[in-house]
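Notes to accompany the following structure.
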Amino acid sequence: YNRLPKGQVSEVSIVLDPMIATAATIKATVSVLKRWGTGKIIVVCCLASRSGLTALLEAHPDVTVHVAAIDEVLSDDGMIVPGLGDAGDRQFLTPELDEVEMTANAEITRKRTLSASSEMEALAQSPAKKK
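So this is what it looks like as structure tokens:
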């Protein structure tokens, strides 16, 4: 998703990201800003994993990074350990789901996935319309 104004290059871009875990998102953001033509990029974040910070600086050594804290461990599923949880949930005070709600959400997601898979299979098997 990119809504940068066309033809309006910025000399300095400051990117605010609450957490850098694997650095995939921030590396993509910096790449977009570079293609856009920004002169200097500054990244500011609250928490980063050591490996994510290393990955960002290896991919974009010209970027200035300010980080409040670095956690050493990144879990197998790409979460900072101990981390601070989901930054969006904390920011918007999203309540934690109980076990019943998590089970219900998983069932809804499974049904949607199965439904989407069935639709894709039906489309793949249907003959192409001739114009």
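All residue numbers for the sequence shown refer to our numbering, where the first residue is 3 and numbers rise by one.
C-beta atoms are modelled at their ideal positions from N, C-alpha and C, and glycine is treated no differently.
Note that the structure is a prediction, hence the values are computed from the model and not measured.
| query | result |
| --- | --- |
| The stretch 69-76 touching the stretch 26-44, judged by at least three CB pairs closer than 8 Å | no |
| Same chain only: Cβ atoms within 6 Å of histidine 62, ignoring 5 sequence neighbours per side | Val32 |
| Residue environment, glycine 54, which counts as buried when at least 16 other CB atoms sit within 10 Å | buried |
| Element boundaries [alpha helix (DSSP H), containing threonine 56] | 52-61 |
| CB contact flag (alanine 23, methionine 81, <8 Å) | yes |
| Presumed contact (8 Å Cβ cut-off) between valine 45 and isoleucine 28, rounded CB distance | 6 Å |
| Whole-Å CB distance - proline 7 paired with cysteine 48, under 8 Å assumed | With 8 Å as the limit, proline 7 and cysteine 48 do not qualify as a contact, their Cβ atoms being about 28 Å apart. |
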